[in-house]
Amino acid sequence: MKKRAAILSIVIAFGFFAVAFRLVDIMLLSHERFSAKAKNQQTVEETIPAKRGIIFDRKGRELAINVKTESVFIDPRMVTSSERVAFALSDALGIKSDRILSSMDTNRRFVWVERKLPLEQTRSIRELNISGIGIVSESKRFYPKGPLASHIIGFVNIDKKGLEGIERRYDKYLTAMGENANVFRDARGNILSEGFMREIRGNNLFLTIDEGLQYILEKNLDEAIVHWQAASATAIMMNPHTGEILAMANRPTFNPNDPQASKASDRRNRAITDGYEPGSTFKIIAGVAALEEGIVKPDTKFDCTAGFIEVSGKKIRDARRHTHKVLTFTEAIQKSSNVGIVKIAQSLGIDKMYEYINRFGFGQRTGIDLVGEIAGMVRPPERWSGVSIGFISIGYEILVTPLQILRAYSAIANGGFLVRPHVVSEIHSPNGEILYRAAPEAQRIISENTARVFREVLKTVTEEEGTALKAAVDGNQVAGKTGTAQLVDPETNRHSNERHVSSFVGFVPVEEPKIAMIVVIHEPKGESYGGRVAGPVFRKIASESLSYMNVPREDYRERGLLLVRD
Amino acid sequence: MKPYYKFTYDKWIVAATAFLVLTGLVAIYSSTSVISPDLVERYQKRGIAVSQFDFVKKQIFTVFIGIIAMLVAYRIKLQYLKKMAIPLLLISLVCLLLVFTSLGISGGGARRWIKVWPSTFQPSELVKLSMVIFLAWYMSTSNYQKDRFLHFAIPITIMVIFQVILIKQPDFGAVINLAILTLSMLFISGVKLRYIFSLGLVGIPIIAKLALEPYRLERIIAFLDPWKDPQGSGYQLVQSFIAFGSGGMTGVGLGEGKQKLSFLPEVHTDFIFAMIGEELGFVGASVVVFLFFILFIRGLLIAKRSGDSFSYYLAYGISLMIAVQALINFAVVTGMVPTKGLPLPFISYGGSALIVNMTAIGLLLNISRNAQVLSEVWTEVRNNNLEDGSNIVVGKGYGYRRYGKLKIRR
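As they're listed, the protein sequences go chains A and B. Going by the working numbering, 638 is the number at position 529 of the first sequence; the sequence numbering is gapless. Going by the working numbering, 987 is the number at position 49 of the second sequence; the sequence numbering is gapless.
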């Protein structure tokens, strides 16, 4: 019976070979096909969470961050009981159940219910574990300092797209594009952990803004707007040498964490988007031009005894009586004599006047890295009327932004250079590499000497007999200029006697300017002179800022004070 | 004058078995280290706490018991085993019936286990070995006449009794397995073919009726075209194919398999070979198949070289028992036969099968040691004038060389 045993053995051995061939067929010949099927069922495409870049101030303090939130959605096809879903969600989120029911009536497989909720609120929904309700985590932009520097930082929409300010201007740097990645899952759809969290982060921005200075500026601006019951106000503080904006604020303002709650006009960064007739602060253009061209010297005398001057048949008057005498060039600026400045401008001539307006950057954007900046308006000389040279020289018939004025004064502060204002100093990649570093851009527009002489002229403004005694800072000398411009009444289209723009622009300390600043207050009530309205605001901000920046008093030697540097 | 000898055990068998058991431990750890929550739940119902190492720890414990069982089987005198043939069959029968008492444990819609402290035991595994031992003894008795119908009918009746009990559990896989085993052994003993054929004629309607049970029918249909319903009845097979197919030549890497994450059903038991294919590729799967092939071939050689018919039938039967079960498992997971729950010997998780199979290997080694090659020994002694205590080598040229020391009793 060995034969039967052999037959059976051969049959079994054949079985082993059959298995081997079968394995070749499935594992080697169909490998590609089954691998594709395996990949298809074992992996699932998932969006990697993206985190927008963080915005820091110049000292690394966070101005815009991301917080973890969760969003609730419905997959209508997975819903077994729509009433139950509607009831649970309306109970947990306080939404009308009708709205939820109607949102489920769709062919789409994904319907948002409520986005970016705090984690505590979604926990109760998660615990209910109702089929059809899904929760995904989303990061939300959060501005920890609230309204502080809101006009600079801007805000984003719900999809984290920058809509205003830095958020919009640097959107492509801050944005982290959500990528899709294939991740492994099990048969129940659970995602397998890879041992680390995949995350895409945007680039971080470091601003030139100093949170401390910004706070000082905003605090005083708030006080001023209440005190003067003003319609609006703007203040900008800048490093005059580099163009770094140290602080910038406007009133009214808004909370970037809830931009919808504010009016569109509140969200405007008036410092760069709104033009105004600058009035007396513009007088330095004619003054500097005349000095630079050698037409005048600081002690050149002008006869202003008439108290008015006729230009092409129109009278331009001086505002105050004490200027009705013979004034030197310095006194004309110090006392802000209209007649004196018009005389200087006339001796300069239309072409030179226009040239210097252009040199100081009026009628052109400053190039600040924010959105919505306007160029202002300067008409070319061929469109000037006979009286234009007079009015323009004292700051009418032109439209400028507060930032343009500040930049012009910075040129005097820094020795004659026109700088490019900017708010972003560095862009860092998520790993900390520096991708961009702002380089100061400066262009010489007047000579060193003219700037130095004119600094002395401006210094007299805050001294005895100047227009802005109230802008003087204790211990440090301020160089600056007041401005009081009449607003155009939209009804009569003429300059109003009740509505004014009061401003003060200057820099401090005079010899080694650390800050250049402009304060513009629109429509203060009861008082209109720039020296009395904007001057004190300037002084308070400047004096607090200088101590914040540890700038020593210029007069510490005379006073016998001990200077302690840290 | 009678030469006395004692040869060494078959090292190939030991090596192949050890390799298979170790492969099994690795595969069990790989498949159960990622525990799915429902598996935890299922085992908790049976009072077993589950952690990452629980399965492999328990299996290692079982391997030690298996080694003890193997050593006992290796040392046991075959004469004694002959006497044990009927008692063993009765013990198996009792155990199988105990499943239906309060000692029985059900799982997955079947009652297949009995409680044995500290674990469980599956009597159907023991039944197979008992049947092989019984048949080997029965067919080697001097009054066994292969042509007599009665001598065919007796083992068939015993087989049917067991099968009826097994179908009650139900354990259709064990029924088929037992039938193949019994008929194969009767076939090699030389029974008339018409007995087997007529039994087949009777059996076909019964098998057909059993096969037409709705869930079995569904499996058969799924086997014919698993892609028709890959999420339903064809799911197991489709997932098994995907596991094998994604393995390719060298596999996705040990432990890297993803099909065990609830895609493959019964991945640590019936479908463990699919996971091996996925993780170790064609190379790994072929090695496993080849190891079983070695076991089978060496078992046949042991049978061939054994002197007496009991040893012959026993060795042949054990080789068949392991090979048939391995082949059925391979065929099921590669979709060559309809899906049927049968574990892969030595590799699948499960204590009863491992202990029984290692006992069977112990018996095989026992036979290999006692392989009687009298005529060869005499030839050697005569040709080389060997004396008491001299070394002797037999089995030259048969691929079955044995070394031993010659002792001549006068």
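Note that the Cβ used here is the ideal one computed from N, Cα and C, for glycine as well.
An exposed status is given to Gly1170 of chain B, since fewer than 16 other beta-carbon atoms sit within 10 Å of its beta-carbon. Contact check for Tyr518 of chain A against Val614 of chain A passes: the beta carbons are separated by less than 8 angstroms. Restricting attention to A:Ala340, A:Glu607 and A:Lys270, the CA atom closest to the CA of Arg161 of chain A is found in A:Lys270.
CA-CA distance, Ala1253 of chain B to Ala1074 of chain B, rounds to 9 angstroms. Runs of alpha helix (DSSP H) with 4 or more residues, each lying fully within the segment 1239 to 1279 of chain B, are found at 1247 to 1271, listed in chain order. Leaving aside the five residues that flank Asp460 of chain A on each side, the residues in its chain whose CB is nearer than 7 angstroms to its CB run, in chain order, Pro490. Within the segment 1115 to 1133 of chain B, contact with chain A at the beta-carbon level (separation under 7 angstroms) is assigned to Ser1122, Phe1125, Ile1126, Ser1127 and Gly1128. Counting only residues of its own chain and dropping the five nearest sequence neighbours on each side, Lys452 of chain A has a CB closer than 7 angstroms to the CB of Phe411 and Ile418. If you draw a straight line from the Cα of Ile163 of chain A to the Cα of Ala290 of chain A, it is about 24 angstroms long. Only those residues of the segment 280 to 296 of chain A whose C-beta falls short of 7 angstroms from the nearest C-beta of chain B are listed: Phe293, Asp295 and Ala296. Against chain A, the beta carbon of Leu1238 of chain B has neighbours under 7 angstroms at Ser118, listed in chain order. Only residues of its own chain outside the window of five on either side were considered, and among them Lys579 have a CB closer than 6 angstroms to the CB of Pro645 of chain A, listed in chain order. In this structure, B:Phe1100 is the residue among B:Phe1100, B:Tyr1251 and B:Ser1044 with its C-alpha nearest to the C-alpha of Leu1064 of chain B. The beta carbon of Gly1185 of chain B falls within 8 angstroms of a beta carbon belonging to chain A, placing the residue at that interface.
A direct Cα-Cα distance of roughly 22 angstroms separates Gly403 of chain A from Lys444 of chain A. For Ile135 of chain A, the nearest beta carbon of chain B is closer than 8 angstroms to its own beta carbon. Annotated as distal: Leu1202 of chain B and Phe1211 of chain B, with beta-carbon spacing of 8 angstroms or more.
Neighbours of Lys995 of chain B across chain A, judged by C-beta separation under 9 angstroms, do not exist; the nearest C-beta is about 24 angstroms away.
Closest by C-alpha distance to Lys249 of chain A, out of A:Lys148, A:Asp184, A:Leu228 and A:Glu154, is A:Leu228. One finds nothing in chain A with a Cβ atom closer than 7 angstroms to the Cβ of Gly962 of chain B; even the nearest lies about 18 angstroms away.
When the Cα atoms are used, Leu1036 of chain B and Phe1135 of chain B turn out to be separated by approximately 34 angstroms. For Val153 of chain A, the nearest beta carbon of chain B is not closer than 8 angstroms to its own beta carbon. Interface annotation, Ser1224 of chain B: in contact with chain A, CB-CB separation under 8 angstroms. Contact holds between the segment 566 to 581 of chain A and the segment 629 to 649 of chain A, because three or more Cβ pairs, one in each stretch, are under 8 angstroms apart. For Ala484 of chain A, the closest alpha carbon among the candidates A:Ile507, A:Val496 and A:Arg492 is that of A:Ile507.
Residue-level contact check: Val1227 of chain B touches chain A, since one or more beta carbons of chain A fall below 8 angstroms from its beta carbon. A straight-line Cα-Cα distance of about 19 angstroms links Ala625 of chain A and Ser556 of chain A. Along the segment 1200 to 1220 of chain B, the positions whose C-beta sits under 9 angstroms from a C-beta of chain A are Ser1200, Phe1201, Leu1202, Gly1215, Glu1216, Gly1219 and Phe1220, read in chain order. For Ala1112 of chain B, the number of other beta carbons within 10 angstroms of its own is at least 16, and it is reported as buried. With 16 or more other Cβ atoms inside 10 Å of its own Cβ, Ser611 of chain A counts as buried.
For Lys225 of chain A, the enclosing beta strand (DSSP E) stretches over residues Val220 to Leu226. Contact between the segment 180 to 187 of chain A and the segment 208 to 226 of chain A is present, with at least three C-beta pairs closer than 8 angstroms. Exclusion of the five residues before and after Asn266 of chain A leaves Leu272 as the residues of its chain whose Cβ lies within less than 6 angstroms of its Cβ. Shown here, Val533 of chain A sits in a strand according to DSSP, grouped into three states. Going by DSSP, Val435 of chain A is part of the beta strand (DSSP E) stretching over Val435 to Thr437.
In the DSSP annotation of this structure, the continuous segment of the beta strand (DSSP E) that includes Asp598 of chain A starts and ends at Ala588 to Asp598.
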